[in-house]
Amino acid sequence: MINEVTSHLHPILVHFPIAFITLAVLKDFWSAFFKKVNFQAERGLWLWIFAALTAWLSVSSGPEEMARGNTTFLHIHDQLAILTSWLVTIVAAFRIYSTYFKKKELFKKLKFLYLIFSLASLILVLSVGYYGGKMVYTDGINVKVHNKLVNPPK
């Protein structure tokens, strides 16, 4: 059972940053454009912190050795995942800075730039998922049928 979970750790983990980033972006845009809700740095902070942590966990758990030489999508998937993780970390760090160093005015002044970074994070994480899906569903990376790899590493 444990071996089964650890061998599938990456597909399990990757859904967390997708969910956290999606929820965080939706929450940010809802807060930014509806007057009844106050757009503040501390609201939604934990979504971005968990998004950053799970993004890096997902990057570090990727089974690169299973895809080397078997797919043309690995490089772009990997590069987009790293870029996404850095951008989400920057967004989370800005939220932490704005919250704990009482820079609420700075947060409000940079609201639209912040929202662009936030939306870019969502677009990037969805792109990472797209290319990850291409590796699995187009190239059969790390897919087993009757306990045999469909496309074994080269």
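Counting from 142, one number per residue, gives the positions in the sequence shown under my numbering.
Positions of the beta carbon are idealized from the N, C-alpha and C atoms, including for glycine.
Predicted model, so just to flag it, every value in this text is computed and none were measured.
Query	Result
With C-beta atoms as the reference, is residue 276 less than 8 Å away from residue 212?	yes
Please list, in chain order, all residues of the same chain as residue 238 whose beta carbon is under 7 Å from its beta carbon, the five residues on each side excluded.	244
In this structure, what does DSSP give as the bridge partners for residue 290?	285
Give the DSSP-derived three-state secondary structure of residue 220 in the structure shown.	helix
From residue 185 to residue 287, what does the alpha carbon distance come to, in whole angstroms?	44 Å
Here's the rule: buried if 16 or more other CB atoms are within 10 angstroms of the residue's CB, otherwise exposed. What is residue 273?	buried
Under 8 Å between the Cβ atoms of residue 198 and residue 208?	no
In this structure, does DSSP put residue 266 in helix, strand or coil?	helix
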